[in-house]
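Residue numbers for the sequence shown, in UniProt numbering: 1 to 322. Think of the CB as a built atom: it goes at the ideal place given N, C-alpha and C, for glycine as much as any other residue.
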Amino acid sequence: MTRNTSPFPDATRRDVLIAGSAAIAASMLPPFPALAADTAKKGEFIMSYVTTSDGTEIFYKDWGPRDAQAIVFHHGWPLTSDDWDSQMMFFLDKGFRVIAHDRRGHGRSTQTDSGNEMDTYAADVATLTDALDLKGAIHVGHSTGGGEVARYVARAKPGRVGKAVLIGAVPPIMVKTEANPGGLPIEVFDGFRAAFLANRAQFFKDVPSGPFYGYNRPGATPSSGVIENWWRQGMMGGAKAHYDCIKAFSETDFTEDLKAISVPVLVMHGDDDQIVPYADSAPLSAKLLKNGTLKTYPGFDHGMCTTHSDVINADLLAFFES
């Protein structure tokens, strides 16, 4: 009987040899901490956090030259900054500085049980833009992120914002009220809440598999990768924050915010948007803005930044450079 004299009693000779080979190979590579520190020092590719006044940690990505025109991306519910991958990579390649954060309660940010409403979301963005000292930044918001952009830009410090874009965005207000008779009945959002509480994981498969990307339309070709990526992002966040956010995106009235914004704003919306119906959103927002431009996309879905990224990216670039 052979006695095992290895310092790892359960390891075989083969395990030890593999481990030893890996250690030798690793010793030939530059030390990872030094590489990370060097990258951060250059300020070309940063993923980090800022802490808000209530102690919430907001995760953000900040890629590209620090002296380049900054674009800040605001994601939809219940997603994360990862939903902007196509736009982040496209505009990074064009020489822009691209920044995106995970809203509180979403993704890698703190899973908060409070502050999950638009005033606090906008204040969190102000904390981020102050920390990065952004000047003349372009803010791009999709869906719920469009509401966040409207609330933030309306209240931003002078000089912080140069332009804004609302894509498939929730303003002026989604829910049906006396002042907004064309809105969706509150029962629609009650249905969201019921499905969420019954089985969040399944609900987060049903939404992207169907109306979000228009995959329920005749002739559509669903992408399993896109659907699974939506699910992945959604399940990263906190259930309490996601639940609260349904009220935030559906019942917040952004009318006065839109009226207060003076910078140029591009309003982009697909007329086959099944999540934020076109007629009660984009045209009304464009009319309320002092300097708004409406661009309508026939047949495009709510998730058009993903399904039609080539078209959307080109139009965004044209607006940024105009």
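The C-beta distance from Val170 to Gly183 rounds to 11 Å, too long to meet the 8 Å contact threshold.
For Gly303, the CB contacts under 7 Å within the same chain, skipping 5 residues up- and downstream, are Phe212, Tyr213 in chain order. Pairing Ile173 with Thr255 gives a Cβ-Cβ distance under 8 Å.
The residue among Val207, Glu117, Ile46 with its C-alpha nearest the C-alpha of Pro65 is Ile46. With at least 16 other beta carbons inside 10 angstroms of its own, Lys61 counts as buried.
Annotated three-state conformation of Glu57 is strand, per DSSP.
In summary, Lys163 is buried, with 16 or more beta-carbon neighbours lying within 10 Å of its beta-carbon over all protein chains present.
Exposure of Arg232 is indicated by the presence of fewer than 16 other C-beta atoms within 10 angstroms of its C-beta.
Between Tyr297 and Gly145, the alpha-carbon positions lie close to 19 Å from each other.
Per DSSP, Arg97 is not a residue of any alpha helix (DSSP H); the beta strand (DSSP E) it occupies stretches across 97-101.
One Cα belongs to Arg97, the other to Ala286, and the distance between them is close to 27 Å. Around the Cβ of Asp124, a 10 Å sphere holds 16 or more other Cβ atoms; the residue is buried. Ranked by how close their Cα comes to the Cα of Ser143, the residues Cys245, Ala318, Thr120 have Cys245 in first place. The residue among Asn313, Asp113, Asp257, Lys205 with its C-alpha nearest the C-alpha of Lys290 is Asp257. Pairing His106 with Leu128 gives a Cβ-Cβ distance that is not under 8 Å. Burial is judged here by how many other beta carbons sit within 10 angstroms of a residue's own beta carbon; Asp113 has fewer than 16 and is exposed.
Membership of Met268 in the beta strand (DSSP E) is indicated by the continuous run 265-270. Between Gly292 and Val263, the C-beta spacing is not below 8 Å. In summary, Asp280 is buried, with 16 or more beta-carbon neighbours lying within 10 Å of its beta-carbon over all protein chains present. Beta-carbon to beta-carbon, Arg193 and Tyr243 are separated by about 7 Å, close enough to satisfy the 8 Å threshold. Trp63 sits in a strand when the DSSP states are folded into three classes.
Collapsing the DSSP output to three states places His242 in a helix. Here DSSP, grouped into helix, strand and coil, assigns Phe212 to coil.
Nearest Cα to Pro218 within the set Ala137, Asp272, Arg160: Asp272. The DSSP-derived three-state label of Met47 is strand. Between Met236 and Ala201, the C-beta spacing is not below 8 Å.
Comparing alpha-carbon positions, the option among Gly210, Phe319, Glu251 lying closest to Gln274 turns out to be Gly210.
Of Asn229, Gly136, Arg108, Gly141, the smallest CA-CA separation from Ala122 is found for Gly141. If the five residues before and after Ala241 are omitted, its C-beta is found closer than 7 Å to the C-beta atoms of Arg104, Gly105, His106, Gln111, Thr112, Asn116, all from its own chain and listed in chain order.
Across the structure, Ala248 and Asp67 are spaced so that their CA atoms are roughly 34 Å apart. Rounded to whole angstroms, Lys135 and Ala195 show a C-alpha spacing of 42 Å.
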